[in-house]
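Same order as they appear, the protein sequences are chains P, V, D and X. Residue numbers for the first sequence follow my numbering, beginning at 3 and rising by one. Residue numbers for the second sequence follow my numbering, beginning at 3 and rising by one. Residue numbers for the third sequence follow my numbering, beginning at 3 and rising by one. Residue numbers for the fourth sequence follow my numbering, beginning at 3 and rising by one. Please read the structure below before turning to the comments.
There are 4 protein chains.
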Amino acid sequence: MGRAKTIDETQLFQATEKIILRDGYAGFHFKALAEELGVARSTIYNYFSKKEELVTAFMVHLLKQVVHHMDNVSENEEPVRGLVDIWSKYANIHQMMHVMPYIDREATPLVQSNVQEMFGLLGSMRSRISTILTKEQERGRVRKDIQVETMTGLVMAVVQIPIQSDQEARWVEEVYKLLKDGLYD
Amino acid sequence: MGRAKTIDETQLFQATEKIILRDGYAGFHFKALAEELGVARSTIYNYFSKKEELVTAFMVHLLKQVVHHMDNVSENEEPVRGLVDIWSKYANIHQMMHVMPYIDREATPLVQSNVQEMFGLLGSMRSRISTILTKEQERGRVRKDIQVETMTGLVMAVVQIPIQSDQEARWVEEVYKLLKDGLYD
Amino acid sequence: MGRAKTIDETQLFQATEKIILRDGYAGFHFKALAEELGVARSTIYNYFSKKEELVTAFMVHLLKQVVHHMDNVSENEEPVRGLVDIWSKYANIHQMMHVMPYIDREATPLVQSNVQEMFGLLGSMRSRISTILTKEQERGRVRKDIQVETMTGLVMAVVQIPIQSDQEARWVEEVYKLLKDGLYD
Amino acid sequence: MGRAKTIDETQLFQATEKIILRDGYAGFHFKALAEELGVARSTIYNYFSKKEELVTAFMVHLLKQVVHHMDNVSENEEPVRGLVDIWSKYANIHQMMHVMPYIDREATPLVQSNVQEMFGLLGSMRSRISTILTKEQERGRVRKDIQVETMTGLVMAVVQIPIQSDQEARWVEEVYKLLKDGLYD
DNA sequence: CATGAATGAGGCTTCATTCAT
DNA sequence: GATGAATGAAGCCTCATTCAT
């Protein structure tokens with residue numbers, strides 16, 4: 003039955019995230035990855051034949067999770083709060099997104115399609131937010147004097163507000179309030 | 003004496019920004035820079051003896067400008083709006099900040115001190131915002147039920163909201179409103 | 003598994019010696035080394051990640067050999083002659099030592115420790131010679147009116163006396179005599 | 003009458019020696035030299051149009067001094083001692099000679115002729131020593147059972163015996179004795 | 001003469017990727 | 001499948017040297 007696999011995609015993704023979060027994309031090489039996983043560098047090529055393919059696949063994977071969460075939230079009575087809640091759990095996704103400019107998007111067809119999928123997913127996120135906001139507008143909860151794009155941008159941006167670890171609940175609370183009612187009394 | 007300079011620091015900084023914004027930090031080499039400026043690669047080393055030194059010097063330069071602007075604004079009657087106004091002009095500074103994880107901060111002593119200065123300036127920005135918010139709280143304009151840090155984070159984060167070029171005025175208007183009064187009616 | 007090595011440390015050391023002896027340290031680059039060995043430049047980096055690491059490792063290796071030889075000689079009835087004999091075989095070691103001022107000793111920790119080891123080995127050589135001379139003094143063979151350090155220096159210095167190839171035996175004979183009885187009748 | 007010279011050959015030579023002795027030939031650049039002298043790098047090219055020309059000129063200059071000293075000594079009743087005496091004063095010349103393998107001897111015609119002159123001077127040194135030794139043989143002072151070349155080599159080699167500063171007199175004494183009568187009682 | 005500026009040549013390194021076992 | 005070894009491409013950096021003022 004051949005040799006048993008020593009690693010799988012999940013481990014690759016975990017190690018990838020760990021390294022990128024720890025060392026930034028600059029510190030993310032197959033060299034480092036191999037060390038992290040305790041396998042030979044060349045072994046990774048049995049799974050992903052190109053660095054960019056791995057990274058983009060990983061990001062697709064991440065984004066899918068987020069989008070999935072968003073789907074389960076949109077039915078909530080307080081959907082904006084639900085979004086903030088998700089952000090608190092996927093804060094690092096933004097760090098991950100920053101690696102995008104460093105990726106050669108033309109590298110291979112697979113990379114291209116991954117990148118396209120990523121953009122698709124990002125679009126989904128945005129449009130889910132838009133939808134939520136529009137619905138809320140219809141319900142008379144959200145203001146109508148501002149473009150939905152700008153508001154969507156704001157909702158996406160708040161993920162950048164630093165969270166102190168073990169203060170997530172408070173972060174959600176405060177950020178939600180700020181989003182809802184703004185800075186002013 | 004000696005011959006006339008063909009480039010100066012200003013041009014270096016401009017080219018640096020241009021390249022980083024266009025290609026990301028990954029595409030920023032002295033090779034690219036030299037091509038952009040039409041000089042030999044080694045010429046650049048007469049100005050900055052290390053890639054990191056140039057980039058960090060540039061970022062310090064940028065941040066200084068922003069902080070300087072902030073100083074001239076804080077006396078305004080509507081200081082939060084002033085901040086948003088600055089953000090609209092320095093939107094790219096955030097893109098620039100994203101290169102930080104890619105910089106080898108130990109590269110040289112000069113780099114180290116530049117990086118320290120950068121953090122100092124970022125701190126200044128934050129503390130200026132804090133101060134503004136606290137003062138506004140005292141004047142009874144800004145709410146008091148939320149930690150100043152979180153609010154500062156929000157103010158800094160809005161710079162990430164995408165601007166459509168030639169829509170800056172509107173962006174400022176809308177973002178300011180959102181900041182002030184939130185999403186909700 | 004993996005493919006068979008095309009070079010090993012021994013070949014690297016041999017090539018290193020050959021090049022340094024032929025071209026001096028100035029002519030010793032990984033480029034030259036790679037050409038000499040018929041491999042790609044980068045291949046060498048799989049063995050030694052820095053020029054200085056290779057050179058210093060090589061010198062440690064050389065010195066160890068010499069010290070080892072010295073140990074097997076000290077029991078001889080005519081130990082000074084034994085030393086001269088060793089010198090005749092390791093004449094080039096002195097040429098090698100001349101590269102030391104050209105080595106960046108701080109390059110890496112490994113380099114540092116290699117350099118330290120080198121000095122340790124040189125110290126060993128010196129102290130072995132000292133010991134021999136002192137013992138010979140006790141046996142009443144070696145004069146006592148001169149500091150042992152100076153005599154040790156003399157013994158080490160004679161390695162510089164040029165040898166004509168295929169005249170080694172004669173060189174040993176004559177140098178030994180000179181060491182023992184001096185120039186004068 | 004034109005601008006006054008700010009440096010001259012003497013200063014160049016002094017600075018050259020200082021740097022080479024301090025940092026080794028590796029640390030000897032026109033950059034360092036210019037700093038040492040407080041002039042622009044390019045200024046040096048008004049005096050020597052090539053690094054090698056400067057270095058070789060300097061070495062010729064040094065060797066000439068030594069040879070000159072040797073001439074004034076050879077008339078002494080104890081000529082070997084006289085040589086040792088000179089060595090004590092020019093100990094560093096040997097360090098200087100070690101840079102030779104690093105010099106591109108073909109660099110320019112001037113370099114070539116300098117190098118030739120250097121070899122000539124080294125030959126002079128050797129032949130002066132030979133002559134002295136031969137004369138001493140004739141006077142029945144120096145042994146005849148050993149080739150003059152080997153003995154010359156010994157005399158030249160002793161310059162390598164380390165001198166402790168402010169112990170020069172003693173060094174001369176001891177080395178002379180060793181040369182004359184050897185290590186053995 | 002002196003100099004500041006520019007440059008080219010050459011060496012150093014690091015990885016992603018490919019190969020052969 | 002896994003691996004150790006080899007490699008090429010690409011970027012970094014340092015000087016000697018040349019140029020123009």
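All C-beta atoms in this analysis are idealised placements derived from N, C-alpha and C, irrespective of residue type, glycine included.
So that I know if they touch, is there some Cβ in chain D lying closer than 7 Å to that of residue i?
i              : result
A17 (chain X)  : no
Y178 (chain X) : no
M153 (chain X) : yes
R145 (chain X) : yes
P164 (chain X) : yes
I134 (chain X) : no
L64 (chain X)  : no
H100 (chain X) : yes
Can you name the start and end residues of the alpha helix (DSSP H) that residue i belongs to?
i              : result
D185 (chain P) : Before going on, a small fix: residue 185 (chain P) reads as Leu here, not Asp. Taken as a continuous stretch (DSSP letters only), L185 (chain P) belongs to no alpha helix (DSSP H), as it is neither H nor E.
F15 (chain P)  : E11 to D25
F30 (chain V)  : From DSSP, F30 (chain V) is part of no alpha helix (DSSP H); its letter is neither H nor E.
Going by DSSP, what residues sit across from residue i in a beta bridge?
i              : result
V144 (chain P) : V:Y186
Can you tell me which of the three DSSP states residue i falls into?
i             : result
V57 (chain D) : helix
A36 (chain X) : helix
T45 (chain D) : helix
A6 (chain V)  : coil
Do we get a CB-CB distance below 7 Å when we pair residue i with the residues of chain V?
i              : result
V160 (chain P) : yes
D187 (chain P) : yes
A42 (chain P)  : no
Y47 (chain P)  : no
L181 (chain P) : yes
P81 (chain P)  : no
L156 (chain P) : yes
Y92 (chain P)  : no
P111 (chain P) : no
G125 (chain P) : no
For chain X, find out if any of its Cβ atoms is closer than 7 Å to the Cβ of residue i; answer yes or no.
i              : result
G84 (chain D)  : no
G26 (chain D)  : yes
G184 (chain D) : yes
Are any of the Cβ atoms in chain P nearer than 7 Å to that of residue i?
i              : result
G122 (chain V) : no
H31 (chain V)  : no
I21 (chain V)  : no
I148 (chain V) : yes
Using a threshold of 6 Å, is the CB atom of residue i nearer than that to any non-hydrogen atom of the ligand COA?
i              : result
V160 (chain V) : As far as ligands go, the structure on display features none, and thus does not contain the ligand COA.
Every unbroken alpha helix (DSSP H) inside the segment 105 to 179 of chain D [4 residues or more]: 111 to 140 and 150 to 159
Minimum length 4: unbroken alpha helix (DSSP H) runs contained in the segment 63 to 106 of chain X: 81 to 91 and 94 to 99
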